[in-house]
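Numbering (full-length UniProt numbering), first residue to last: 1 to 508.
Glycine residues also receive a C-beta, built at the ideal position from the N, C-alpha and C atoms.
None of the values given here were measured: they were computed from a predicted structure.
Data block below; observations after.
Given below as C-alpha cells:
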C-alpha cells in the first residue's frame, strides 16, 4: 500500500497504510515486504521512514525493523538519546532541522558503516510552464565530471514523454558501473515522487497532468521544476561525496498593456479590429485582432511576429465599472502553431456586453487588459555551485530565481525586526529558562512556530500559569540557537554538533 501510495501520490492511501501498520505492527515490521520497502528507498527516505514511525506512535517499532540498511542513522539516534516514546513529545522543530545534516553526514561517508557516499545533483528548471519541447524532445542538464568517473554525465528530461506523451520522463546518462536515484522535490525540499535504484537506460516517469495541473502548486512552485539525482557505484567502490547545484532557465519575455477597443457597438461579423501595430508593447511580439463570430461570440486572434519564438502565452481580463476583474481566458501557443493565426473566445457575447454596457463600456470603449509572454529558448543552463564533502548548511539549499531573491531581499527588514524583538525581549510575555540563562520571549511567536509551544499555552499547563518554561538541562547556547531559528528562521551559523543538541529540546 505504501509503494502504491508513493507511485500515485495518494495521501488517503498512505494514511490507510499507516493505520494498517499501527494495528498490525508486529506482522508488518517483521515482514520481508517492509524490509524491501525500506531497502529500496535507502537513506533518502529517512524523512518518510521517520514520519511513518511517528504515525505508528511507538518508537520501539524501529528496533523491530531491519535497520542494518541505515546503521549510521541508528547510531546517531542512540548516541544522542533520542529513542524515546514518540507520543510524549513533538519532533517537528528538531527533526526538520537535523534531517538534512544527517543526510550530509551520510553522504560524506563513514568508515565504520556500509553506506557509500553519493554524487548528488540538484537541478532546477525555471519558467518550466513555457517549455515548448514535444514528444521525444528533451531538456538536458549541464554536464558534470567527477573524479573516478571517466566521463561527463547529466540528467535528461522529456517534458512530453519519451514513450508516452501523457508522462514527464527523466533519465540519466551514466555507465553500467553506476546506479542512480531520481526524486522530484517540493519547494521546501521534501520528496514528492521517488524513483529508486535505477540503472543505465532506465526511464522514470510521472503523469504530466499531475505535475502541471492537479498538483501544480507542489511540483511547480514559482514555476520551477526541482529534480534531485543521486549517483553511486554498484561495484563496491566509493565515489567522492560531491553535491552539485545546477540551473536551467528558459528565457521568458513578458509585457502587459491595455487594448482599448473603440466603437465597440459598431462591431460586425466577419470584420476585425486590429490592435495598433505601431504600439511599442506589441509590434515586436504579436499581432492582435478582435472579431465577432456568427454565433455573436467575441474572438481574439493572436499571431507571433517573432520567428524565433517557441512558446507564446496570452491572457486577458476586463475591469468593470465596479472594479471587479473578469478573467477572459488564456491561450497557449506551442512551437508547431506559433506562426499560425490562433484564436480564443471571450466568455461573453456582443449582446451580453451591450445589455450591460453601463458595467463594461465607457464612451463605447471596451478596455481589455492583456498579458503577453513569449519564450525564445534558454537564457542559460549552468552549474551554480559545487561542494565536496559535507555541504554547508542544508542539502536542500535552493538555487533561487532572481525574482525570488528580490522577494527575499524585501523581507530582510522584517527578519531584522523580529531578530531585534528576540534580542531585546520587547513586550515579552513569557520566559524560557535554561541552565543558567533566562530568555524573554513571546507566546504568539513561539506558538505559531511550534505546535508544542502552542499546545502548552492553549492548555492549563504549568508553563502557562507561571509564565515561564523551564528546561534546566538545556545548555544556554542551544536554547539561544533554537530561539533565533524560531524568530528569524536563520540557521546560517548552525553546526552539526549544535544541531544534534536540538533533538532533546523536543522532549520539553
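Pick from the options: whose alpha carbon is nearest that of residue i?
i, options, result
"residue 154", "227, 438 and 164", "227"
"residue 325", "448, 211, 316 and 450", "316"
"residue 203", "288, 216 and 157", "157"
"residue 302", "294, 292 and 285", "285"
"residue 122", "134, 296, 298 and 382", "382"
"residue 359", "127, 300 and 318", "318"
"residue 453", "471, 436 and 437", "471"
"residue 304", "296, 342, 322 and 356", "342"
"residue 425", "434, 417, 441 and 437", "441"
"residue 239", "180, 475, 477 and 259", "180"
"residue 337", "133, 126 and 127", "133"
"residue 288", "314, 294 and 334", "314"
"residue 350", "439, 182, 334 and 268", "268"
"residue 372", "187, 258 and 211", "258"
"residue 139", "439, 168 and 120", "168"
"residue 263", "357, 340 and 191", "357"
"residue 223", "438, 187, 265 and 379", "187"
"residue 163", "455, 206 and 457", "206"
"residue 273", "340, 320, 365 and 322", "365"
"residue 249", "477, 481 and 380", "380"
"residue 374", "428, 413, 253 and 480", "253"
"residue 172", "191, 141 and 159", "141"
Where does residue i fall in DSSP's three states?
i, result
"residue 118", "coil"
"residue 451", "helix"
"residue 65", "Unreliable positioning characterises residue 65 in this predicted model, as indicated by a pLDDT of 38, which lies under 50. The coordinate reading is nonetheless provided below. Residue 65 falls in the coil class under three-state DSSP."
"residue 203", "coil"
"residue 306", "coil"
"residue 213", "helix"
"residue 316", "strand"
"residue 342", "strand"
"residue 295", "coil"
"residue 415", "helix"
"residue 246", "strand"
"residue 223", "helix"
"residue 433", "strand"
"residue 164", "coil"
"residue 143", "coil"
"residue 274", "strand"
"residue 265", "helix"
"residue 126", "strand"
"residue 101", "For residue 101, the predicted model reports a pLDDT of 37, less than 50, meaning its position is unreliable; a value from the coordinates is still stated below. Helix at residue 101."
"residue 234", "coil"
"residue 290", "strand"
"residue 110", "With a pLDDT of 34 at residue 110, under the threshold of 50, the modelled position of that residue is not reliable, and the figure given next carries that caveat. Coil."
"residue 258", "strand"
Tell me whether the beta-carbon of residue i lies closer than 9 Å to the beta-carbon of residue j.
i, j, result
"residue 422", "residue 483", "yes"
"residue 344", "residue 330", "yes"
"residue 208", "residue 161", "yes"
"residue 367", "residue 261", "yes"
"residue 376", "residue 247", "no"
"residue 468", "residue 443", "no"
"residue 129", "residue 220", "yes"
"residue 298", "residue 385", "no"
"residue 300", "residue 290", "yes"
"residue 415", "residue 489", "yes"
"residue 195", "residue 231", "no"
"residue 145", "residue 251", "no"
"residue 418", "residue 445", "yes"
"residue 310", "residue 334", "yes"
"residue 434", "residue 475", "yes"
"residue 193", "residue 229", "no"
"residue 361", "residue 265", "yes"
"residue 595", "residue 118", "Given a span of 1 to 508 for the chain in the structure shown, any question on residue 595 remains unanswerable."
"residue 159", "residue 143", "no"
In the DSSP assignment, the alpha helix (DSSP H) including residue i goes from what residue to what residue?
i, result
"residue 351", "350-355"
"residue 486", "476-488"
"residue 219", "216-219"
Along the chain, where does the beta strand (DSSP E) that runs through residue i open and close?
i, result
"residue 167", "167-172"
"residue 373", "366-388"
"residue 329", "325-333"
"residue 179", "178-185"
"residue 440", "438-441"
"residue 473", "Where residue 473 is concerned, there is no enclosing beta strand (DSSP E), given that its DSSP letter is neither H nor E."
"residue 157", "155-158"
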